[in-house]
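Position one of the sequence shown corresponds to residue 1 (the UniProt record's numbering), numbered consecutively onward.
No residue lacks a Cβ here, since even glycine has one placed at the ideal position from N, Cα and C.
The structure appears below as structure tokens.
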Amino acid sequence: MALNDKNYDYLVVGAGPFGAIFAYEAAKRGKRSLIIEKRSHLAGNMYTHTESGITVHDFGAHIFHTDNKEVWDYIRQFADFNGYQNQVVANYKGELYNLPFNMNTFYEMWGTKTPAEAKAKIDEQKSAALADLGDREPRNLEEQAISLIGTDIYQKLIKGYTEKQWGRKATELPAFIIKRLPVRFIYDNNYFNHRYQGIPVGGYTQIFEKMLNDNPLIDVKLNEDFFTHKDEYLAEFPRVLYTGMIDQFFDYKHGELEYRSLRFEHETIDSDNYQGNSVINYTDAETPFTRVMEWRHFDGLADEGKTIITREYPQDWDRSKEAYYPVNDEKNTNLYKEYAKEARTHKDQIIFGGRLGQYRYYDMDQVFNAALNEVRQEFDIDQDFNFAHDEEH
Ligand code: UDP
Numbered sequence: 001m002a003l004n005d006k007n008y009d010y011l012v013v014g015a016g017p018f019g020a021i022f023a024y025e026a027a028k029r030g031k032r033s034l035i036i037e038k039r040s041h042l043a044g045n046m047y048t049h050t051e052s053g054i055t056v057h058d059f060g061a062h063i064f065h066t067d068n069k070e071v072w073d074y075i076r077q078f079a080d081f082n083g084y085q086n087q088v089v090a091n092y093k094g095e096l097y098n099l100p101f102n103m104n105t106f107y108e109m110w111g112t113k114t115p116a117e118a119k120a121k122i123d124e125q126k127s128a129a130l131a132d133l134g135d136r137e138p139r140n141l142e143e144q145a146i147s148l149i150g151t152d153i154y155q156k157l158i159k160g161y162t163e164k165q166w167g168r169k170a171t172e173l174p175a176f177i178i179k180r181l182p183v184r185f186i187y188d189n190n191y192f193n194h195r196y197q198g199i200p201v202g203g204y205t206q207i208f209e210k211m212l213n214d215n216p217l218i219d220v221k222l223n224e225d226f227f228t229h230k231d232e233y234l235a236e237f238p239r240v241l242y243t244g245m246i247d248q249f250f251d252y253k254h255g256e257l258e259y260r261s262l263r264f265e266h267e268t269i270d271s272d273n274y275q276g277n278s279v280i281n282y283t284d285a286e287t288p289f290t291r292v293m294e295w296r297h298f299d300g301l302a303d304e305g306k307t308i309i310t311r312e313y314p315q316d317w318d319r320s321k322e323a324y325y326p327v328n329d330e331k332n333t334n335l336y337k338e339y340a341k342e343a344r345t346h347k348d349q350i351i352f353g354g355r356l357g358q359y360r361y362y363d364m365d366q367v368f369n370a371a372l373n374e375v376r377q378e379f380d381i382d383q384d385f386n387f388a389h390d391e392e393h
């Protein structure tokens, strides 16, 4: 008993949201967890830090948005949320457009002023480009995008961005990715359709600290890679929640799943306002980054005269890099199924969770929801979680 030296009930691999929620809820039920995390910080890619009075999201903009009241109430136990609403501007070779695709975008693109005019324009472009589509479903992201908003917007605002983001042709990407973005025939630049939206004042890291630090039933070991002692961990812990890459867990025995990675370049600038918006997307194919975030515009907080911007560069994933996005195309989805089948044969000991453990393009709220459901299942709870917020912070 070298690694499980405190008679832990659970080993949790990964200190991102799935692992943190699970350990926190397990502790509430008297169960002891050891969390190991190969990175040097809590919170996974939700990690934020504060510098020059500015909350920086180190791994890209994390805007919490959900329709799920239970999840919304759950996260607000640990932080106050501001009323941030994401409104993204696209820059295509110096032309500016509002996102997501809405009446403002259509006006900027075509000068159309009514929903009927905009729809007519889209229909005309769609039938010219996809004459053979007929009644069949769009087969890939390109067909899906043209069906939804026509060729002009596809060419200027989607194709270049998408192909650099994913490192492959839009005709080789699954249609569902573009369905993440709303298309609206009203003048509304809100990037999301969800009822609840915001960012925790002071950032996300505090949420993880409140869940995990100073909890007598939770220990966290940072800079600890599960794979250094995989066999010992599995031999010593009765139950394991694993939130890393599922293919790595099985030593890539059926082959490597593909992921997309990102690289972030942060820069502090002597200015109160560098770009005038929290996020600007660069939708041409040539600019090597996809978007630039200016963090002070996410909550209006910053030291005077300082601003911090982050450029987000997509990059190919290899084993030395962080995996950010699963590539849920047909080939990878089929491969994932092999691993999922394998995972089921270990279900008495191991739970696979999160974006990497379940190879799913989860948003934060979906991870929270999945983690709460896992808790419900593990502890045989058939109710919603109830929360009393006011006293806790
Ligand atoms: N997308 C695009 N143009 C944009 C922004 C997004 O074509 O200016 C497409 C792109 O394919 C992207 C997808 O929409 O992968 C989903 O975008 P979202 O902003 O939801 O991606 P995330 O923030 O998760 O990276």
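Between the Cα of residue i and those of the options, spot the shortest distance and give me the residue it belongs to.
{"i": "Asn369", "options": "Tyr10, Asp73, Ala27, Glu37", "result": "Asp73"}
{"i": "Phe264", "options": "Glu312, Thr290, Phe298", "result": "Glu312"}
{"i": "Lys331", "options": "Gly150, Gln155, Leu173", "result": "Leu173"}
{"i": "Asn189", "options": "Glu374, Lys31, Pro216, Asn104", "result": "Asn104"}
{"i": "Asn215", "options": "Leu34, Phe385, Ala2, Ser278", "result": "Leu34"}
{"i": "Ile308", "options": "Gln155, Gln315, Asp299", "result": "Asp299"}
{"i": "Met245", "options": "Gly134, Gly111, Tyr92, Val13", "result": "Val13"}
{"i": "Ile199", "options": "Phe81, Asn273, His57", "result": "Phe81"}
{"i": "Tyr47", "options": "Met109, Gly203, Lys38, Lys6", "result": "Gly203"}
{"i": "Ile280", "options": "Tyr97, Ile36, Ala43, His65", "result": "Tyr97"}
{"i": "Gln315", "options": "Arg355, Leu262, Asp225", "result": "Leu262"}
{"i": "Arg360", "options": "Thr345, Leu335, Gln349", "result": "Leu335"}
{"i": "Asp5", "options": "Pro326, Pro238, Val375", "result": "Pro238"}
{"i": "Asn273", "options": "Lys306, Gly255, Pro288", "result": "Lys306"}
Would you mind reading off the limits of the alpha helix (DSSP H) that contains residue i?
{"i": "residue 470", "result": "Outside the modelled stretch of the chain, which goes from 1 to 393, sits residue 470, for which no answer is possible."}
{"i": "Val375", "result": "364 to 378"}
{"i": "Thr151", "result": "141 to 153"}
{"i": "Pro115", "result": "115 to 129"}
Going by DSSP, what residues sit across from residue i in a beta bridge?
{"i": "Leu241", "result": "Val12, Ile351"}
{"i": "His266", "result": "Thr310"}
{"i": "Leu257", "result": "Answer is none; Leu257 lacks a bridge partner."}
{"i": "Val292", "result": "Ile280, Arg311"}
{"i": "Asn91", "result": "Leu96, Tyr282"}
{"i": "Phe64", "result": "Gly198"}
{"i": "Val183", "result": "Phe101"}
{"i": "Leu3", "result": "Per DSSP, none; premise fails for Leu3."}
{"i": "Val220", "result": "Ile35"}
{"i": "Tyr325", "result": "Arg260"}
{"i": "Asp316", "result": "Arg260"}
{"i": "Phe81", "result": "Pro200"}
Starting from residue i and walking both ways along the beta strand (DSSP E), at which residues does that stretch end?
{"i": "Asn104", "result": "Per DSSP, Asn104 belongs to no beta strand (DSSP E); it is in the alpha helix (DSSP H), 103 to 110."}
{"i": "Thr55", "result": "54 to 57"}
{"i": "Thr333", "result": "That residue, Thr333, is in no beta strand (DSSP E); its alpha helix (DSSP H) goes 330 to 344."}
{"i": "Gly19", "result": "Here Gly19 belongs to no beta strand (DSSP E); instead the alpha helix (DSSP H) covers 17 to 28."}
{"i": "Glu51", "result": "48 to 51"}
{"i": "Tyr74", "result": "Premise fails: Tyr74 lies in the alpha helix (DSSP H), 69 to 75, not in any beta strand (DSSP E)."}
{"i": "Gln197", "result": "196 to 198"}
What number of angstroms, rounded off, separates the C-alpha of residue i from the C-alpha of residue j?
{"i": "Gln383", "j": "Lys69", "result": "14 angstroms"}
{"i": "Asp270", "j": "Ala285", "result": "29 angstroms"}
{"i": "Lys164", "j": "Thr205", "result": "30 angstroms"}
{"i": "Arg29", "j": "Ala23", "result": "10 angstroms"}
{"i": "Phe18", "j": "Gly83", "result": "25 angstroms"}
{"i": "Ala145", "j": "Arg195", "result": "25 angstroms"}
{"i": "Lys253", "j": "Arg136", "result": "37 angstroms"}
{"i": "Val183", "j": "Asp67", "result": "18 angstroms"}
{"i": "Asp303", "j": "Met293", "result": "17 angstroms"}
{"i": "Glu322", "j": "Ile158", "result": "25 angstroms"}
{"i": "Glu391", "j": "Phe59", "result": "Reliability fails at Glu391, whose pLDDT of 46 lies under 50, so the model's placement of it is uncertain and the value that follows must be treated cautiously. Glu391 and Phe59: Cα-Cα distance of roughly 31 angstroms."}
{"i": "Asn328", "j": "Asn45", "result": "20 angstroms"}
{"i": "Phe249", "j": "Ala175", "result": "29 angstroms"}
{"i": "Ala26", "j": "Phe379", "result": "8 angstroms"}
{"i": "Thr283", "j": "Glu108", "result": "15 angstroms"}
{"i": "Val220", "j": "Ser127", "result": "57 angstroms"}
{"i": "Thr290", "j": "Gly357", "result": "26 angstroms"}
{"i": "His393", "j": "Thr55", "result": "Residue placement at His393 cannot be trusted, given a pLDDT of 43 that sits under 50; the coordinates are not used to answer."}
{"i": "Arg139", "j": "Leu130", "result": "11 angstroms"}
{"i": "Leu99", "j": "Phe185", "result": "12 angstroms"}
{"i": "Ala371", "j": "Gly167", "result": "30 angstroms"}
{"i": "Ser147", "j": "Ile122", "result": "8 angstroms"}
{"i": "Gln197", "j": "Leu42", "result": "23 angstroms"}
{"i": "Gln377", "j": "Ile351", "result": "11 angstroms"}
{"i": "His297", "j": "Val88", "result": "12 angstroms"}
{"i": "Gly16", "j": "Val367", "result": "10 angstroms"}
{"i": "Ala20", "j": "Lys31", "result": "13 angstroms"}
{"i": "Tyr154", "j": "Arg344", "result": "41 angstroms"}
{"i": "Phe227", "j": "His57", "result": "28 angstroms"}
{"i": "Thr268", "j": "Asn193", "result": "32 angstroms"}
{"i": "Tyr242", "j": "Ala116", "result": "50 angstroms"}
{"i": "Phe161", "j": "Gly134", "result": "Strictly speaking, residue 161 in this sequence is Tyr, with Phe absent from that position. Rounded to whole angstroms, Tyr161 to Gly134 spans 27 angstroms at the Cα level."}
Using beta carbons (cut-off 8 angstroms, strictly below), is residue i in contact with chain B?
{"i": "Tyr324", "result": "No chain B is part of this structure, which consists of one protein chain only."}
Quiz prompt | Under 6 angstroms, CB to nearest heavy atom of the ligand UDP: contacting residues | solution = Ala90, Leu99, Leu157, Ile158, Tyr161, Thr162, Gln165, Ile177, Ile178, Arg180, Leu181, Asn281, Thr283
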